[in-house]
Amino acid sequence: MTWLRNPPEAKPDAQAAEAAGLDTTLASDGRATTAEGLRHAAADIQDAAAEGLRHAAADVQDATPEGHRDAAATPHPAGLSLGVVGWLRWGWRQLTSMRTALVLLFLLAAGSVPGSLLPQEGTNPASVAQYYSSHPVLARVLGDLGLFNVFGAPWFAAIYILLFTSLVGCVLPRTLRLVGSARQPPPRAPGNLSRLPFAVSYATPLAPEAALESAAKALSGKRFRLRTGPGWVSAEKGYLREVGNLLFHMALLGLLVSIGLGGLFGYKADRLLVTGTSFANTVTALDEFHPGRLVGPDNLQPFTVALDRFSASYVTSGTLVGQPAAFNAKIRYSASPGDAMHSYDLAVNHPLIVDGARVFLIGHGYAPEFRITDGTGRVVFDGAVPFVPVETTGLVSEGAIKVPDANPKGLGFVGVFLPSAIDVGGKLESYFPAPNNPMVSLVSYAGNLGMNSGPSQSVYSLDTAGLHELAVSPKPLAIGQSVKLPNGLGTLTYTGYRQWISLAITYDPGQSAALWSGIAVLAGLLLSFMVRRRRVFVRASTDETGNTIVDLGGLTRSDAAGGFEDEFAGLATEISGLHQASIDASPSPDPGLEAADRTDREGSGPSSHQGSGPSSPDQSDPPDPEQSAGE
Amino acid sequence: MLRLPYFASRVVGAAVRSPRRAAVGALVAAAVVLGAAACDAGATAQDTAIGNGSSFVTGNYGTTVFRSGARPKAPDVEGTTLTGSKFKLSTDRGSVVVMNFWGSWCTPCREEAPALGTLARNFAGTDVRFVGVDIRDDPASAEAFMRTFRIGYPSVNDPNDLVALDFSGTVPPASIPTTLVIDRSGRIAARIVGQASYSGLKALIKQVKAEQE
């Protein structure tokens with residue numbers, strides 16, 4: 001594709017064009033990895049858009065791959081006669097172009113924006129309900145557009161499925177092409193080696209055949225891949241670059257697949273666990289559950305975790321006083337019901353791995369314990385209530401206690417837990433995160449808690465709409481102290497406290513595959529950057545005087561490291577040594593001079609071709625069959 | 001005591017919008033970002049239990065009815081009831097068992113409780129047994145709940161989720177509340193995910209009750 005477009009400037013001989021073709025073929029193969037490549041790709045997109053239609057239209061006329069280029073030359077009323085296959089081909093080319101991928105990527109980013117601006121059903125259904133009641137008309141429109149569940153909306157799915165298809169459709173054919181490129185033999189030697197960037201020429205007493213044979217042997221010993229013909233030897237090295245390229249592309253596919261795997265079969269969940277209690281990894285026991293597309297409630301690993309003890313230590317002096325020093329949770333777990341329990345020390349960055357699922361310790365806090373009797377004298381609440389830390393220096397925590405079934409009236413409390421309570425000028429504060437003086441301060445309410453109908457409530461806050469505040473002394477409570485509620489509504493006793501931890505459970509079956517793919521992506525990228533493909537050509541012929549003249553030429557691409565000049569000089573010295581000759585001219589970085597010296601003797605090629613680099617190839621030259629296989 | 005269960009909204013065989021797609025979307029977005037070689041992961045922020053107190057997903061509840069040939073076998077769950085007596089599901093073999101997973105803290109459970117209490121009284125004296133499984137609750141609150149809604153049938157106290165876990169291989173309770181109707185041969189005939197209605201549950205019970213063993 002790339003070189004077909006170049007307008008024919010002149011007519012260098014076929015071999016020179018082919019050798020020069022190295023540049024364009026390598027450039028188009030490596031386009032995903034280099035900045036230069038991106039420019040090539042951009043050109044391809046332009047081209048695909050303009051030519052795709054014509055090509056597709058032509059394909060309907062003439063199904064043979066050869067024929068469509070000729071047909072494309074004649075203007076055709078595209079669109080009318082495109083046909084189903086033509087449109088499909090055209091559509092596929094559009095979808096897998098890099099421009100489309102970039103547009104889709106942008107759409108994906110833009111489509112996520114409402115997901116962060118508007119409340120989402122998946123994460124915050126209560127806010128969605130609130131939005132519906134405050135903006136009934138607008139909310140219905142937004143809801144119909146799926147904007148309250150952006151990541152589950154069909155249009156969002158359409159974007160990411162198209163993007164995935166586009167990427168796979170782009171990477172897969174390129175991978176196949178790279179396989180071809182890595183197996184490709186070196187091209188034939190160009191006729192005029194002196195025009196190559198690196199060239200030497202010398203006379204040898206050996207016969208041309210013998211000279212070529214020994215040169216081939218030397219190159220083969222340097223692990224060059226060889227191709228021979230009458231009077232010439234071509235050698236190429238650096239196929240590892242293609243292998244790296246291939247590795248990069250295949251690993252990229254692997255990465256996509258493994259991340260997709262995690263998205264389909266993995267899940268994330270959270271659970272808050274109070275010391276002295278246990279839970280099982282089942283949906284009803286989880287606080288948050290974000291399953292993959294194909295994960296059902298019956299796919300969770302059936303492990304059980306019991307928290308025996310949690311200890312946190314804090315820095316007690318210096319500028320970092322109050323900062324956490326270490327957390328340790330003594331847990332017991334069993335992999336499935338009926339299995340033996342194992343002990344484990346859970347710590348930050350020391351997760352429990354059970355049955356492929358990882359359980360991380362991600363947070364901790366306090367759960368004060370209360371016993372509440374109602375107006376009838378019955379105990380209506382007796383347990384620990386997790387409070388949520390609202391600051392870190394003293395771990396002051398807030399929470400709510402709800403007793404909807406108290407008689408004669410439902411009871412509710414909002415409170416503050418202070419691990420190290422201290423009175424600062426009449427204001428209660430906590431000076432340290434450890435429980436040195438654990439106290440609670442509560443505000444008491446009575447009435448209807450609104451829990452018998454309507455939207456579900458957060459357990460950490462109290463909906464006071466149907467409640468009235470009780471006149472109770474705001475005096476903070478120490479462990480064992482009680483507060484008697486007015487009007488015979490009952491009594492609350494602060495009986496103690498426990499600690500809680502929050503756990504994140506993640507299961508990602510594609511995780512290790514994604515890791516290895518990522519490593520392979522990097523390795524392939526490095527390989528394709530560091531290894532360069534280089535070619536060495538040898539020609540031996542007899543001149544008018546009967547002497548054997550040996551020409552050596554060398555070519556490489558993107559020789560940023562500059563190593564090829566030395567490599568070529570070394571090879572030239574070695575081969576000329578084998579030929580019992582000394583090099584009369586050192587390898588010249590300016591082959592133009594050499595070419596000028598030699599045009600008379602060899603009589604090939606007009607002097608207008610003394611360019612310093614390879615000239616543009618021409619489509620009228622019969623290309624090497626393997627070479628033309630790649631676009 | 002931890003009252004934050006996830007209310008799964010997916011129903012077997014029904015296409016409903018599901019929050020689980022959010023994670024897929026985020027993951028695919030991450031894949032795509034990586035794939036476009038501009039590698040910057042971090043699309044999936046993690047919610048914490050602390051960070052988000054309200055994780056209820058309301059609506060999208062549904063009923064699954066299993067044909068008599070395709071009924072999963074219920075595990076023989078056992079436990080101790082709130083009043084301290086032993087419960088074993090297989091001792092009710094030969095009766096239709098209505099098993100309700102609930103918690104006194106859960107709004108839809110409180111909303112459906114009157115219907116369950118009434119149905120249990122209506123079917124009293126027949127071979128229909130009601131049993132509750134109390135999840136993430138303290139017994140004092142649970143007993144107060146049963147007094148409020150005049151629930152006469154026993155409830156297994158399941159603070160360690162072991163009853164729910166026993167069902168994980170078959171038809172796990174996908175949310176709280178979940179109600180199962182188990183036929184006379186100990187197989188699960190129907191599952192209601194979310195709040196059960198009086199008429200809906202009554203129809204299911206009558207249907208299973210009418211079957212011969």
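Protein chains in written order, with the working numbering: chain C, 1 to 631; chain E, 1 to 213.
The C-beta atom is built at its ideal place from N, Cα and C for all residues, glycine as well.
Cα-Cα separation between residue 405 (chain C) and residue 84 (chain E), rounded to whole angstroms: Answer to the nearest angstrom: the Cα atoms are 21 Å apart.
Check the Cβ-Cβ distances between residue 543 (chain C) and every residue of chain E, and say whether any is below 9 Å. Cβ-Cβ to chain E under 9 Å: no for residue 543 (chain C).
Exposure label - residue 157 (chain E); buried when at least 16 CB within 10 Å: Per the 10 Å Cβ criterion, buried.
Can you pull the chain E residues whose beta carbon is under 8 Å from the beta carbon of residue 402 (chain C), in chain order? Residues of chain E passing the Cβ test: 105.
Give me the chain C residues within the contact set of residue 111 (chain E), using Cβ-Cβ distance strictly less than 7 Å, ordered along the chain. Result: 452 and 453.
Hey, quick one: how far does the beta strand (DSSP E) through residue 236 (chain C) stretch, first residue to last? First-last of the beta strand (DSSP E) with residue 236 (chain C): 232 to 237.
Measuring CB atoms only, is the segment 494 to 503 of chain C touching the segment 264 to 278 of chain C, in the sense that at least three cross pairs come out at less than 8 Å? Counting C-beta pairs closer than 8 Å gives three or more between the segment 494 to 503 of chain C and the segment 264 to 278 of chain C, which meets the contact rule.
Could you list which residues in chain C have their beta carbon closer than 9 Å to that of residue 164 (chain E), in chain order? Chain C residues near residue 164 (chain E): 280, 282, 283, 284 and 285.
Simplified DSSP assignment, three categories, for residue 370 (chain C): Assigned with DSSP and collapsed to three states, residue 370 (chain C) falls in strand.
At the 9 Å Cβ level, is residue 171 (chain E) part of the contact set with chain C, yes or no? Yes, because at least one Cβ of chain C sits closer than 9 Å to the Cβ of residue 171 (chain E).
Skipping 5 residues on each side, what residues in its chain have a beta carbon closer than 8 Å to that of residue 343 (chain C)? Hits under 8 Å: 330, 331 and 332.
Please identify the residue among E:107, E:102, E:212 and E:195 whose C-alpha is closest to the C-alpha of residue 459 (chain C). Nearest C-alpha to residue 459 (chain C) among E:107, E:102, E:212 and E:195: E:107.
Residue 155 (chain C) burial status per 10 Å Cβ neighbour count (16 or more: buried): Taking a 10 Å sphere around the C-beta of residue 155 (chain C), we find fewer than 16 other C-beta atoms and assign the residue as exposed.
I'd like the list of long-range same chain contacts for residue 139 (chain E), defined as Cβ closer than 7 Å, with 5 residues on each side in sequence excluded. Non-local beta-carbon contacts of residue 139 (chain E) in its own chain, meaning distances under 7 Å to residues more than five positions away in sequence, involve 82 and 157 in chain order.
Mind listing which residues of the segment 381 to 407 of chain C have their C-beta closer than 9 Å to chain E's C-betas, in chain order? Contact annotation: in the segment 381 to 407 of chain C, residues whose CB is within less than 9 Å of a CB in chain E are 381, 382, 383, 384, 385, 386, 388, 389, 402, 403, 404, 405, 406 and 407.
Is it the case that the segment 428 to 442 of chain C contacts the segment 382 to 402 of chain C, given that we only count it when at least three CB pairs across the two stretches are under 8 Å? Three or more beta-carbon pairs drawn from the segment 382 to 402 of chain C and the segment 428 to 442 of chain C are found closer than 8 Å, and the two stretches are therefore classed as touching.
List, in chain order, every chain C residue whose beta-carbon is nearer than 9 Å to that of residue 145 (chain E). Within chain C, the residues near residue 145 (chain E) are 404 and 405.
Check distances from the C-beta atoms of the segment 66 to 87 of chain E to those of chain C and list, in chain order, the residues that come in under 8 Å. For the segment 66 to 87 of chain E, the beta-carbon criterion of a distance under 8 Å to any beta-carbon of chain C is satisfied by none of its residues.
In the DSSP assignment, the alpha helix (DSSP H) including residue 249 (chain C) goes from what residue to what residue? Under the DSSP assignment, residue 249 (chain C) falls in the alpha helix (DSSP H) whose first and last residues are 240 to 265.
Specify, as a first and last residue, the run of the alpha helix (DSSP H) that residue 151 (chain E) falls within. Residue 151 (chain E) -> no alpha helix (DSSP H), and no H or E assigned at all.
Could you check if residue 106 (chain C) is buried or exposed, using at least 16 other CB atoms within 10 Å of its CB as the buried criterion? It counts as exposed.
Helix, strand or coil at residue 391 (chain C) [DSSP, three-state]: Residue 391 (chain C) falls in the coil class under three-state DSSP.
Between C:186, C:200 and C:185, which has its C-alpha nearest residue 192 (chain C)'s C-alpha? The option with the nearest alpha carbon to residue 192 (chain C) is C:200.
Beta-carbon within less than 7 Å of residue 428 (chain C)'s beta-carbon, same chain only, minus the 5 sequence neighbours each way: which residues are those? Closer than 7 Å at Cβ, skipping near neighbours: 418, 421, 441 and 476.
Quick one: is residue 136 (chain E) near chain C, going by C-beta distance under 9 Å? Yes, its Cβ sits closer than 9 Å to a Cβ of chain C.
Chain E contact residues for residue 141 (chain C), given Cβ-Cβ distances below 7 Å: Taking the beta carbon of residue 141 (chain C) as reference, no residue of chain E falls within 7 Å; the closest one sits roughly 17 Å away.
Assuming contact is defined by CB atoms lying nearer than 9 Å, are residue 142 (chain C) and residue 118 (chain C) in contact in what I supplied? The answer is yes: Cβ separation under 9 Å.
Contiguous beta strand (DSSP E) assignments of at least 3 residues, all confined to the segment 106 to 159 of chain E: Segments of the beta strand (DSSP E) lying fully in the segment 106 to 159 of chain E: 128 to 135 and 155 to 158.
The beta strand (DSSP E) enclosing residue 324 (chain C), as first and last residue numbers: Note, residue 324 (chain C): beta strand (DSSP E), 324 to 334.
What residue range does the alpha helix (DSSP H) around residue 144 (chain C) cover? For residue 144 (chain C), the uninterrupted alpha helix (DSSP H) segment begins and ends at 136 to 144.
In terms of residues, what are the limits of the beta strand (DSSP E) holding residue 87 (chain E)? Counting along the chain, the beta strand (DSSP E) containing residue 87 (chain E) begins and ends at 86 to 88.
Flag residue 358 (chain C) as yes if its beta-carbon sits less than 9 Å from any beta-carbon of chain E, otherwise no. Not one beta carbon of chain E lies nearer than 9 Å to the beta carbon of residue 358 (chain C).
9 Å Cβ cutoff, residue 151 (chain E) in contact with chain C: Residue 151 (chain E) does not count as touching chain C.
Output yes or no for whether 9 Å exceeds the beta carbon distance between residue 128 (chain E) and residue 79 (chain E). No, Cβ-Cβ distance for residue 128 (chain E) and residue 79 (chain E) is not below 9 Å.
Is residue 72 (chain E) near residue 89 (chain E), with beta carbons less than 9 Å apart? Cβ distance not < 9 Å, so residue 72 (chain E) and residue 89 (chain E) don't count as in contact.
What is the DSSP secondary structure of residue 286 (chain C), reduced to helix, strand or coil? In the structure shown, residue 286 (chain C) sits in coil (DSSP, three-state: anything other than H, G, I, E or B).
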